[in-house]
Every structure is written in structure tokens, then in C-alpha cells.
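K.L.:
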Amino acid sequence: MDLLEYQGKQLFARHGIPVPSGKPAATVQEAVAAADEIGYPCVVKAQVLIGGRGKAGGVKLAKDRAEATQYATDILGMDIKGFTVHEVWIEGASEIAEEYYASIVFDRAAKAPLVMLSTQGGMDIEEVAEKTPDALARLHVDPLLGFQDFHGRKLAFAAGIPGDLIRPVGAMLAKLYETFVAEEAMLIEVNPLIITPGRDVVALDAKVTLDGNSLYRHPDNAALRDPSAEDPQEQMAHERGLTYVKLDGDIGILGNGAGLVMSTLDVVAQAGGAPANFLDAGGGSKADAIVSAVEVILSDAKVRAVLFNIFGGITRCDEVAKGLIEAFDVVKPTVPFVVRLDGTNDVEGRKLLADANLPNVATAKTMNEAAEKVVELSKTGVAA
């Protein structure tokens, strides 16, 4: 779950990380009242779950009440890369001597947190990593050992941090790591991490991604979830207890079990198709879950064909067939389906589908055959 900047800063503040004072606002009146309370100059910052706000005009420095009013009016409701601004963060202006970059991300390949630090903050870190990779110091932390003082010093030396800032920057990294672990985050990024003229280290930005699977242990964090900011299909799937990931293609994919679904994505791609989504109905899927899955898949207007790839273990293929028959009665799909049933009660499931004689539904015996059929149907739009 991604947090807005101000939510991330509030999280940081709970862990003793220095951040500028600020207040969120959802209306122009609230924004102006916050600016009056914080004092001028102040910064009006759009709150959306996307980068590039400054370049899009979503971050403005207000010198007085009139400018705060104008900027809040301009920014609230603004569209930034497809995200509508519903809130702004009013923050006291900061004096900046230097801008750094710091982040902690869980590196799945290394099975350990990766801490990164650079003196080239305030810009696209991807560009820094590509053009001057040596400017980005990296260090994996053993989860059992945790972040130690020597880790901070090693990163600071590698990044070229000035001598008088090595300990303060190391201390900041230690607090960020503490937050990363305590809040069960997948990413914490500060860009820029600023150095003030008084040589204080302050987090001027906060990009935080929390592990959604851990939110039941963090009710305060779970309450920060904003369904309106989520993809509509992913929100619908979440509400129905389905695992769903939206992709860029036009073929809907449903399977039971993440491994089978990911294999199906690969096979469809090899057949020349482009998956539109990844939907795992889970083991033991019943008919009602299949109906819900069909509704979620077809809620994406880009879907031109759907592939059901079911391997029955705990899941019974006849239950899947019943669910598909019910879904056709309820949803009345207009795109072709390819169904492959194998495993527990697969014969019964295929018989149910044959007897139902659903319109625009083709069957396949193997995964490769199913993938080739659905790719063809995504282009022609009609099942044989």
C-alpha cells in the first residue's frame, strides 16, 4: 500500500525523523487556514501517488496569503499523470544548502533490505543510476544483524558525504531503517534528503510503500488506505477477496494458484499475446468466486478475450464450470472465452460446459493449446 507524502512524513515523525512542519488540506479554505497557521513563505504541495509533481506544477512556493489562495485553487482538482489531486500538503518553506537521496527497499533477489545513498538528490534517481552509477552507494543489510553504525559510515564514505555530516547522515539512515522494519515497509525513499545551512539533516520528502499483507498488525496504517486512489479493478478484486494485478494487454487471465497464473502469463506471451490482467482465484475456488472473478476481469474495457486455466487439486473443476455458467447468466459476456480444465472432476466440469453450450466459449486440453486459441480469439473476437 502506497502512502501519500504527508502520510509518510507523519509516519517518519512517529519514529523521530526530522520533517518540516505541515498540515493537510482538502479545500482551499483549509489550505489557506493551514498556511496562515504555519506562516509564510510556505509550500503548497499536491498529494498524489505519483512522482513528477513539481514539473507538472503541483508544488508551489507561496510568499503570502494571496499566493497560497491562488496555488491551492490551481492545484486542488489538478490532473497529474492521470491522478486527480484531492488534497494538498501545506508545509513551512525550508532553507536548503544541499540535497541528497536516501532509500531502503526490500531486495527480493538478495532476500535482504537494500540501503542506497547519493549526494545527487532532488532529481530523478533513475537518471542518476543510469548516467553516474558510482554516485549511488548501495549496501545490503543482514536482517538478523540490522542496521549498524558502521553501515551508515560505510555508505556515507562511499557516497562522498562531507566529513562533518557522516555521523548525522548515518543516524538518519539508522532511523529510516528502524521505520522500515517497525512499519513492515517494502520501500522508504527520501528525495530530497536536505542539509540545512545549520547542517541539520531533514527529510523533505517521503515516499513509503507498506506491505499490504501486514496491515492487520498495523491498524493505524490500514486506516490510511484510500480506495478512491486505487485502480477500480484492483479495488473491486480486493473487496471480493481476489488477488488481481492489472497489466497492459487485452487478454484476461484467470487461474487457481499464483504459480499456475504466472506460468499462464508466460505461455500467452510466448504465443504472441499480451495479458490484460493477472487474477488468482485461489485454491478451493467455489462457483460464487468464479462469478466474482469474471465480473472483475470483464470490468476492464480493454479485455478482448479471456483464458481460464484451472488445475483441479483442492479446486474442483465442476465447481469452476458451474461458476462460469452462472457468470454467463449474470454478466452476459460479449468477449470470447477459452477454458482449460484439468485435474479433480475435470471430466464432470467439461461435461457441464458442453451441456450448457455457452455462447462464444472454446475449450482446450493443454495450456499451450489454450494460449494459442485465446491469442487468436483476441484478434478475431469469435470462438469456434
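When the letters of the sequence shown are read in order and numbered with my numbering, they come out as residues 473 to 856. Quick reminder that beta carbons are idealized off the backbone N, C-alpha and C, glycines included. Since the structure is predicted, the reported quantities are computational estimates derived from the model, not experimental observations.
(1) Does the beta-carbon distance from Val520 to Val577 come in below 7 Å?
(2) Can you give the Cα-Cα distance for Gly821 and Met473, rounded to whole angstroms?
(3) Nearest by alpha-carbon distance to Ala528: which of Asp677, Gly554, Val600 is it?
(4) In angstroms, rounded to a whole number, what distance separates the CA positions of Asp683 and Tyr716?
(5) As a quick exercise: from Ala497, Ala584, Ser566, Ala574, pick the residue whose alpha carbon is nearest that of Leu616.
(6) Is it true that the CB of Gly511 sits closer than 7 Å to the CB of Trp561?
(7) For Met473, which of helix, strand or coil comes out of DSSP?
(8) Measuring straight from C-alpha to C-alpha, what distance separates Val807 and Ile552?
(9) Taking all protein chains shown into account, decide if Ala856 is buried (16 or more other Cβ within 10 angstroms of its Cβ) or exposed.
(10) Give the single residue among Glu563, Leu849, Ser566, Ala503 whose Cα lies nearest to the Cα of Gly744.
(11) Would you mind reading off the limits of the beta strand (DSSP E) that contains Val807?
(12) What ranges does the alpha helix (DSSP H) occupy inside the region 600 to 663, keeping only unbroken runs of at least 4 residues that lie completely in it?
(13) For the region 646 to 660 against the region 482 to 491, do three or more pairs of beta-carbon atoms, one drawn from each stretch, fall closer than 8 Å, so that the two count as touching?
(14) Identify which residue in Ile782, Ala799, Leu751 has its Cα closest to the Cα of Gly815.
(15) Starting from Thr715, trace the beta strand (DSSP E) both ways and give me its first and last residue.
(16) Buried or exposed: Thr591, going by 16 or more other Cβ atoms within 10 Å of its Cβ?
(17) Exposed or buried, Ala538, counting other C-beta atoms within 10 Å across all chains shown (16 or more means buried)?
(18) Can you have a look at Glu477 and say buried or exposed, based on whether 16 or more other CB atoms are within 10 angstroms of its CB?
(19) Could you tell me which residues DSSP pairs with Cys514 in its beta bridges?
(20) Grouping DSSP H, G and I as helix and E and B as strand, with all else coil, what is Arg486?
(21) Can you tell me which residues form a DSSP beta bridge with Ile522?
(22) Grouping DSSP H, G and I as helix and E and B as strand, with all else coil, what is Ala856?
(23) Below 8 Å, how does it come out for the region 769 to 784 and the region 837 to 846: are there three or more Cβ pairs, yes or no?
(24) On the three-state DSSP scale, how would you describe Pro747?
(25) I'd like to check one pair, Tyr572 with Leu719: are the Cβ atoms closer than 7 Å?
(26) At the level of alpha carbons, what is the spacing between Leu737 and Gly729?
(27) Anyone know if the C-beta pair for Gly724 and Ala741 falls short of 7 Å?
(28) Beta-carbon within less than 6 Å of Gly594's beta-carbon, same chain only, minus the 5 sequence neighbours each way: which residues are those?
(29) Among Ile547, Leu659, Arg671, Ala505, which residue has its Cα nearest to the Cα of Leu858?
(30) Check the C-beta distance from Val811 over to Leu796 and give it rounded, since I have them as a contact under 8 Å.
(31) For Leu830, I'd like the list of residues in its chain whose CB is within less than 6 Å of its CB, leaving aside the five on either flank, ordered along the chain.
(32) Can you tell me whether Phe750 is buried or exposed, with buried defined as 16 or more other CB within 10 angstroms of its CB?
(33) Check each candidate in Glu655, Val775, Ala643 and name the one with the smallest Cα separation from Val673.
(34) Would you tell me roughly how many angstroms separate the C-alpha atoms of Ala450 and Gly785, rounded to the nearest one?
(35) Going by DSSP in three states, Val766 sits in which element: helix, strand or coil?
P.N.:
Result, derived from the coordinates:
(1) Judged by beta-carbon spacing, Val577 lies beyond the 7 Å limit of Val520, meaning their Cβ atoms are not closer than that value.
(2) When rounded, the distance between both Cα atoms is 38 Å.
(3) Measuring C-alpha to C-alpha distances from Ala528 to each of Asp677, Gly554, Val600 identifies Gly554 as the nearest.
(4) Rounded to whole angstroms, Asp683 to Tyr716 spans 16 Å at the Cα level.
(5) Considering only alpha carbons, the answer is Ala584.
(6) Taking the C-beta atoms as reference points, Gly511 is found no nearer than 7 Å to Trp561.
(7) Coil.
(8) The alpha-carbon separation between Val807 and Ile552 amounts to approximately 33 Å.
(9) Low local confidence applies: a pLDDT of 48 at Ala856 is under 50, so the model's placement there is unreliable, with the coordinate-based value given in what follows. Answer is exposed; the Cβ neighbour count stays below 16.
(10) Nearest of Glu563, Leu849, Ser566, Ala503 to Gly744, Cα basis: Leu849.
(11) Boundaries for Val807: no beta strand (DSSP E) harbours it, and the DSSP string shows neither H nor E there.
(12) Runs found: 621 to 631, 638 to 654.
(13) Yes: at least three Cβ pairs fall under 8 Å.
(14) Selected option, being the one with the closest Cα: Ile782.
(15) Residue range 715 to 718 is occupied by the beta strand (DSSP E) that includes Thr715.
(16) So Thr591 ends up on the buried side.
(17) Looking at its Cβ environment, which holds fewer than 16 other Cβ atoms inside 10 Å, Ala538 is exposed.
(18) Glu477 is buried by the Cβ-count criterion.
(19) Note: Cys514 is bridge-paired with Ala534, Gly564 in the DSSP secondary-structure output.
(20) Residue state, collapsed to three classes: helix.
(21) For Ile522, DSSP assigns no beta-bridge partner whatsoever.
(22) The predicted position of Ala856 is uncertain, since its pLDDT is 48 and thus under 50; a value taken from the coordinates is nonetheless stated next. Three-state result, Ala856: coil.
(23) Using a C-beta cut-off of 8 Å, the region 769 to 784 makes contact with the region 837 to 846, since at least three inter-stretch Cβ pairs fall below that distance.
(24) In the three-state reduction of the DSSP assignment, Pro747 falls in the strand class.
(25) Result no, Cβ atoms of Leu719 and Tyr572 do not sit closer than 7 Å.
(26) Whole-angstrom Cα-Cα distance: 13 Å.
(27) Between Gly724 and Ala741, the C-beta gap is not smaller than 7 Å, which leaves the two residues out of contact.
(28) In the same chain as Gly594, and ignoring 5 residues on each side of it, the C-beta atoms closer than 6 Å to its own belong to Glu571, Pro664, in chain order.
(29) One cannot answer for residue 858 here, as it falls past the ends of the chain, which runs 473 to 856.
(30) Contact between Val811 and Leu796 holds, with the beta-carbon distance rounding to 7 Å and staying under 8 Å.
(31) If we look at Leu830 and ignore the five residues flanking it on each side, its Cβ neighbours are Phe800.
(32) Here Phe750 is buried, its C-beta having at least 16 other C-beta atoms within 10 Å.
(33) Its Cα nearest to that of Val673, the residue Ala643 stands out among Glu655, Val775, Ala643.
(34) Residue 450 lies beyond the range of the chain shown here (473 to 856); nothing can be said about it.
(35) Residue state, collapsed to three classes: helix.
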